[in-house]
Amino acid sequence: MKLWSGRFAKDTDALVDQLNESISFDQRLYREDIQGSLAHARMLGDCGIISLEDVAAITEGLNGILRDIEAGEVEFTTDNEDIHMNIEALLTARIGDAGKRLHTARSRNDQVALDFRMYVRGEIPVVVGQLLELEKVLCRQARQYQSAVMPGYTHLQRAQPISFAQHLMAYAQMFARDVTRLEDCAKRLNVCPLGSGALAGTTYPINRAQTAADLGFDGPMSNSLDGVSDRDYALELLSDLSILMMHLSRFAEEIILWCSWEFKFIELDDAYATGSSIMPQKKNPDVAELVRGKTGRVYGDLMSLLTVMKGLPLAYNKDMQEDKEPVFDALDTVEMCIPVFAAMLDTMTVRTENMRQAAGRGFINATDCADYLTKKGMPFRDAYTVTGRLVADCAAKGKTLEELTLEELREVSDLFAGDVYDALNLENCMALRNSYGGPARESVERQIALIEEFTAARRDV
Ligand code: ARG
Numbered sequence: 135m136k137l138w139s140g141r142f143a144k145d146t147d148a149l150v151d152q153l154n155e156s157i158s159f160d161q162r163l164y165r166e167d168i169q170g171s172l173a174h175a176r177m178l179g180d181c182g183i184i185s186l187e188d189v190a191a192i193t194e195g196l197n198g199i200l201r202d203i204e205a206g207e208v209e210f211t212t213d214n215e216d217i218h219m220n221i222e223a224l225l226t227a228r229i230g231d232a233g234k235r236l237h238t239a240r241s242r243n244d245q246v247a248l249d250f251r252m253y254v255r256g257e258i259p260v261v262v263g264q265l266l267e268l269e270k271v272l273c274r275q276a277r278q279y280q281s282a283v284m285p286g287y288t289h290l291q292r293a294q295p296i297s298f299a300q301h302l303m304a305y306a307q308m309f310a311r312d313v314t315r316l317e318d319c320a321k322r323l324n325v326c327p328l329g330s331g332a333l334a335g336t337t338y339p340i341n342r343a344q345t346a347a348d349l350g351f352d353g354p355m356s357n358s359l360d361g362v363s364d365r366d367y368a369l370e371l372l373s374d375l376s377i378l379m380m381h382l383s384r385f386a387e388e389i390i391l392w393c394s395w396e397f398k399f400i401e402l403d404d405a406y407a408t409g410s411s412i413m414p415q416k417k418n419p420d421v422a423e424l425v426r427g428k429t430g431r432v433y434g435d436l437m438s439l440l441t442v443m444k445g446l447p448l449a450y451n452k453d454m455q456e457d458k459e460p461v462f463d464a465l466d467t468v469e470m471c472i473p474v475f476a477a478m479l480d481t482m483t484v485r486t487e488n489m490r491q492a493a494g495r496g497f498i499n500a501t502d503c504a505d506y507l508t509k510k511g512m513p514f515r516d517a518y519t520v521t522g523r524l525v526a527d528c529a530a531k532g533k534t535l536e537e538l539t540l541e542e543l544r545e546v547s548d549l550f551a552g553d554v555y556d557a558l559n560l561e562n563c564m565a566l567r568n569s570y571g572g573p574a575r576e577s578v579e580r581q582i583a584l585i586e587e588f589t590a591a592r593r594d595v
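Residue numbering for the sequence shown follows this note's numbering, beginning at 135 and increasing consecutively.
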């Protein structure tokens with residue numbers, strides 16, 4: 135018999151039960167559900183709405199259920215459709231009438247709104263912790279490769295010299311923003327929907343400030359309709375996770391390129407690469423490819439929930455039961471991807487000699503050549519044209535700029551002198567890019583220090 139069977143003359147159809155149940159996935163919320171019920175019962179007792187004996191029985195009963203669930207001794211049933219009714223039914227079976235008083239002044243609508251919000255709140259530090267570990271790996275690798283010159287790209291064309299460290303630290307910045315985005319989400323979500331009732335509050339003299347404080351919220355949500363129907367926090371989380379995955383997918387794409395024979399900038403550790411069933415020579419970057427691929431899945435989770443919520447009238451609608459699976463899936467995906475990605479980066483071998491070789495071809499010091507002439511007095515636009523002519527000349531001769539003789543250089547401009555070779559030296563080109571945020575050693579050192587401070591500040595919390 136259903137908990138709500140009072141006004142019904144017959145049982146629901148079996149297919150309806152199948153469609154309606156959510157216990158198969160919302161059982162993940164058992165801890166939050168019990169925590170919320172404990173706070174609710176305490177408040178009911180303190181406000182004189184139920185007796186203190188009932189509170190004691192409920193508390194003991196719920197704690198017992200929590201223990202048994204964690205010990206794997208509880209079998210949930212679809213007869214009780216969701217986690218809330220499963221736990222309430224278990225409680226009543228164990229302690230009798232006191233269990234039936236727990237749901238006084240509460241609805242499953244504010245109950246599920248509370249449980250889900252607390253679940254999301256609890257997962258944010260997990261993702262943030264993983265991101266901080268990833269930052270640590272990036273800083274460690276960056277420290278090691280500050281003088282490793284590589285070509286920086288635009289349009290995937292060799293552009294200007296940077297260091298491998300500078301490239302890695304660009305990702306460190308993205309992941310730091312991901313952390314602060316998640317922290318913002320956690321701040322905004324920390325208001326308590328419990329006490330919103332089904333939608334219109336309650337006639338009982340409840341104390342919403344008490345339950346809110348008891349459950350670690352900053353305060354109660356101030357509108358009961360909003361309280362039961364707000365899922366913004368879940369959407370914010372999914373947006374944050376989507377952006378995070380977008381960052382990982384860009385990084386993944388570069389890892390895939392760098393592992394190719396065309397680049398060979400890095401080699402992955404055997405533990406983080408896979409083979410082919412037919413081609414014996416293959417070592418594939420499946421980890422990076424899967425992370426790139428799973429990004430689409432997390433975007434899909436965001437789109438599902440946005441679409442579920444679109445056009446829903448106030449207040450609670452059963453559509454909203456569809457809020458949980460996308461969030462669980464996105465969290466599972468992200469929480470699987472970050473640590474394996476970090477470990478892959480931590481164990482990769484960096485082929486600095488190949489980076490340096492790639493940097494030597496592609497005229498990535500052409501800007502520096504133009505800058506050299508500009509500093510000698512030629513207007514930049516003219517220096518740009520002259521250098522362009524030199525590049526075309528070199529391309530035809532199969533030479534690099536620094537392989538041109540001083541005579542060849544002076545054919546296009548008599549401003550060229552012996553010191554031009556220093557100006558064209560790639561290590562110098564990189565070292566001289568010491569503007570704030572640039573790839574020069576002291577600048578990258580500052581970037582690493584800032585990220586280390588950022589992680590250290592959070593590790594202490
Ligand atoms: N399992 C439901 C959900 O996830 C709980 C709320 C149900 N409320 C209701 N009035 N049917 O949304």
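Ideal Cβ placement from N, Cα and C applies to all residues, glycine included. Because the structure is a prediction, the values reported are computed rather than measured.
How many angstroms separate the CA atom of residue i from the CA atom of residue j?
i	j	result
residue 392	residue 565	24 Å
residue 492	residue 586	30 Å
residue 553	residue 511	15 Å
residue 560	residue 281	11 Å
residue 379	residue 461	14 Å
residue 283	residue 489	7 Å
residue 345	residue 338	14 Å
residue 318	residue 371	10 Å
residue 256	residue 203	19 Å
residue 501	residue 355	57 Å
residue 266	residue 314	11 Å
residue 518	residue 295	18 Å
residue 286	residue 562	15 Å
residue 507	residue 400	36 Å
residue 480	residue 571	24 Å
residue 591	residue 539	53 Å
residue 362	residue 181	23 Å
residue 326	residue 336	15 Å
residue 580	residue 166	42 Å
residue 527	residue 482	39 Å
residue 328	residue 272	42 Å
residue 301	residue 174	51 Å
residue 160	residue 275	41 Å
residue 169	residue 349	8 Å
residue 237	residue 211	20 Å
residue 251	residue 200	19 Å
residue 155	residue 148	11 Å
residue 409	residue 421	12 Å
residue 445	residue 243	19 Å
Name the DSSP bridge partner or partners of residue i?
i	result
residue 292	287
residue 521	Answer by DSSP bridge pairing: none, since residue 521 is not bridged.
residue 484	400
Grouping DSSP H, G and I as helix and E and B as strand, with all else coil, what is residue i?
i	result
residue 418	strand
residue 561	helix
residue 215	coil
residue 208	coil
residue 539	coil
residue 534	coil
residue 146	coil
residue 610	In the structure as shown, the chain starts at 135 and stops at 595, and residue 610 therefore has no counterpart that could be examined.
residue 589	helix
residue 441	helix
residue 193	helix
residue 501	helix
residue 237	coil
residue 527	helix
residue 184	coil
residue 267	helix
residue 139	helix
residue 427	helix
residue 252	helix
residue 569	coil
residue 460	helix
residue 243	helix
residue 495	coil
residue 545	helix
At least one CB of chain D closer than 7 Å to the CB of residue i: is that the case?
i	result
residue 352	Among the chains of the structure shown, chain D does not appear; only one protein chain is present.
Whole runs of the beta strand (DSSP E) within the stretch 287 to 370, excluding any shorter than 3 residues: Counting only runs of 3 or more, we get 291 to 297.
For the stretch 376 to 416, list the alpha helix (DSSP H) runs that are entirely contained and at least 4 residues long, ordered along the chain. The qualifying runs do not exist here; there are none.
Complete runs of the alpha helix (DSSP H) confined to the stretch 149 to 178 [at least 4 residues]: You should have 157 to 160.
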